[in-house]
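Numbering (the numbering used here), first residue to last: 5 to 274.
See structure below.
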Amino acid sequence: MQKYSRNSRISAITKILIENPNKIMSLNYFSEMLNAAKSTISEDILVIREILEAMDMGKVETIAGATGGVRYLARMSREEEEAFQESICETLRDKSRIVPGNFLYITDIMLDPTIVHKAGIILASKFAKIKADYVITVETKGIPLAYEVARYLGVPLIVARKNSKVTEGTSVTINYVSGTTGRLGNMGLAKRTLKSSSKCLFIDDFLRAGGTVHGISDLLNEFDSELVGIGVLVDNKEVVKKMPTGYVSLVDYRGVDEEGNISVEASKRP
């Protein structure tokens, strides 16, 4: 079996860890794949850990025990995080983003892979300690961001649908009042979607009054599960809200003045 140089091993291990965030990878797996002793693999991982942490590119954790190994946790430096938040604010200050009804247009941002990728890393790092079993969102433009957060947390993504699908079997549906439109709506999940007694993290693009969040919380209660965290890209600070649990936002939106200037700023670091 082929032997690999240290540089080759380090490159391969780094690629695998980064492509499988928050997933425990055993030393035996790397040892067999790279035809190297576990002690050699441990030394390679130590090099990877040191350089990633030195450059604020993530963290490699060692998990002890029979089922242990190593896992990569995505991180971003505070400076890079703040620069990203400010770049979003600059983009949102464009007056042309105000659409009829005084809503803020952010669809293009939510469909930009580079933006969603960075926002996903930041939000995932904020909620890494809550050990969520699932990331949940609603059937809206927040899905790409929720997907990225789920990927970096290494958990499944589930989507609450506004209309049930025959192909998903029996569903549980609840009514809720939309915080954006003030209208009565409904959302549902197929019974096979998640296991009971699960902890779920809600991710969305824009938080207004929190009606959708309360709907998600009620829906999860039907599955004997709980909402343990909320993460959004933009938080509308014009609206006072009472949330079922704490939440994290990246940008605070404070409305539009008489001259059409949009007030946005980076959310305070939690």
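Even glycine gets a Cβ: it sits at the ideal position worked out from N, Cα and C.
Quick caveat: nothing in here was measured; it's all calculated off a predicted structure.
Since residue i is in the alpha helix (DSSP H), which residue starts that stretch and which ends it?
i	result
residue 46	42-58
residue 267	Careful: residue 267 lies outside any alpha helix (DSSP H), inside the beta strand (DSSP E) at 266-270.
residue 4	The shown model of the chain, from 5 to 274, leaves out residue 4, and the question about it has no answer.
residue 190	It is not in any alpha helix (DSSP H) - residue 190 instead sits in the beta strand (DSSP E) that spans 188-194.
So residue i packs on residue j, CB below 8 Å; how close in whole Å?
i	j	result
residue 114	residue 149	6 Å
residue 257	residue 235	About 16 Å separates the two Cβ atoms, so there is no contact after all.
residue 283	residue 219	There is no way to answer for residue 283, as the model of the chain reaches only from 5 to 274.
residue 142	residue 164	5 Å
residue 42	residue 35	5 Å
residue 22	residue 48	Incorrect: roughly 14 Å between the Cβ atoms, too far for contact.
residue 102	residue 268	Actually they are not in contact, since the Cβ atoms of residue 102 and residue 268 sit about 12 Å apart, beyond 8 Å.
Do residue i and residue j have their C-beta atoms within less than 8 Å of each other?
i	j	result
residue 210	residue 237	yes
residue 166	residue 189	yes
residue 180	residue 214	no
residue 201	residue 229	yes
residue 203	residue 134	yes
residue 132	residue 205	no
residue 39	residue 5	yes
With H, G and I counted as helix, E and B as strand and the rest as coil, what does DSSP make of residue i?
i	result
residue 161	strand
residue 141	strand
residue 3	Look at the range of the chain in this structure, 5 to 274, and you will see that residue 3 is not part of it.
residue 96	helix
residue 127	helix
residue 179	strand
residue 76	strand
residue 222	helix
Do you know offhand how far residue i's Cα is from residue j's?
i	j	result
residue 44	residue 79	26 Å
residue 52	residue 9	15 Å
residue 120	residue 157	15 Å
residue 123	residue 37	33 Å
residue 112	residue 72	41 Å
residue 109	residue 81	28 Å
residue 244	residue 61	36 Å
residue 161	residue 58	31 Å
residue 54	residue 249	36 Å
residue 195	residue 173	8 Å
residue 137	residue 11	36 Å
Go to residue i, then tell me how far its beta strand (DSSP E) extends in each direction, as first and last residue.
i	result
residue 207	203-211
residue 239	230-240
residue 12	Taken as a continuous stretch (DSSP letters only), residue 12 belongs to no beta strand (DSSP E), being part of the alpha helix (DSSP H) at 10-23.
residue 256	251-260
residue 65	63-67
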